[in-house]
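Be aware that the sequence shown starts at 15, since it is given in this note's numbering, and climbs by one per residue. The beta carbon of each residue, even a glycine, is placed where N, CA and C say it ideally should be. Quick caveat: nothing in here was measured; it's all calculated off a predicted structure. Here's the structure we're looking at; comments come further down.
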Amino acid sequence: MKTTPYIFALLFIGLVFYLGFNHFELPSFFLFEKTEKIKGTVTNTEWTYGVKGYRLQLVTYKFAAKDSIYTDKFKAGQREGLQKIGDKILIEYSVDRPEKNEVIGYYRNQSEPIKTMKLEVKNEKN
């Protein structure tokens, strides 16, 4: 019994699941690069379609590094939550090449109250 084809098949299936989990975007690797973290601001949001027709937000954000302002985009799904213009995000970027960056955290705009649903409580006597 040859196990090599099975190993390659499992690795390929694992890779497809990993990429699918990340909206089929390649991750940013910062191997041997000095990085810094900074807050950025969401400047625009649009709706787009992902795999299998799922709706995702295409979020445009900006951040300042090295006396310049950089803009980039990422896809936000259910895991990242609904992003609004003005929300703050945490960005990790390469010091040598700030255009190579990755969103690693999300802040929520706290100026708007969180909407909650009222539940009606019914008293039933037995």
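What residue range is occupied by the uninterrupted beta strand (DSSP E) comprising VAL109? Looking at the DSSP string, VAL109 is not in any beta strand (DSSP E), and its letter there is neither H nor E.
Leaving out five residues before and five after ILE105 in sequence, what residues of the same chain have Cβ atoms less than 8 Å from its Cβ? Contacts found: LYS51, ILE52, LYS53, GLY54, TYR75, PHE77, ASN115, GLU116, VAL117, ILE118.
CA nearest to the CA of ASN58, picked from VAL109, LYS102, SER108, ALA23: Of the candidates VAL109, LYS102, SER108, ALA23, the one whose C-alpha sits nearest the C-alpha of ASN58 is LYS102.
Is the shortest distance between the beta-carbon of ILE99 and the beta-carbons of chain C less than 9 Å? Of the protein chains in the structure, only one exists, and it is not chain C.
Report the rounded CA-to-CA distance for ALA90 versus LEU25, giving the unit in angstroms. Whole-angstrom Cα-Cα distance: 26 Å.
Report the rounded CA-to-CA distance for GLU94 versus GLY67, giving the unit in angstroms. Cα to Cα, GLU94 sits roughly 18 Å from GLY67.
Give the secondary structure of GLY28 by DSSP, where H, G and I count as helix, E and B as strand, and everything else as coil. In this structure, GLY28 counts as helix in the three-state DSSP scheme.
TYR107 versus LYS16: straight-line alpha-carbon distance, rounded: TYR107 and LYS16: Cα-Cα distance of roughly 44 Å.
Counting C-beta neighbours from all protein chains within 10 Å, is the total for GLN92 16 or more, i.e. buried, or is it exposed? Counting every other CB atom within 10 Å of its CB across the protein chains shown gives GLN92 a total below 16, marking it as exposed.
Just to confirm, is the Cβ distance from GLU47 to ARG111 under 9 Å? A distance below 9 Å separates the beta carbons of GLU47 and ARG111.
Can you tell me which of the three DSSP states LEU33 falls into? In this structure, LEU33 counts as helix in the three-state DSSP scheme.
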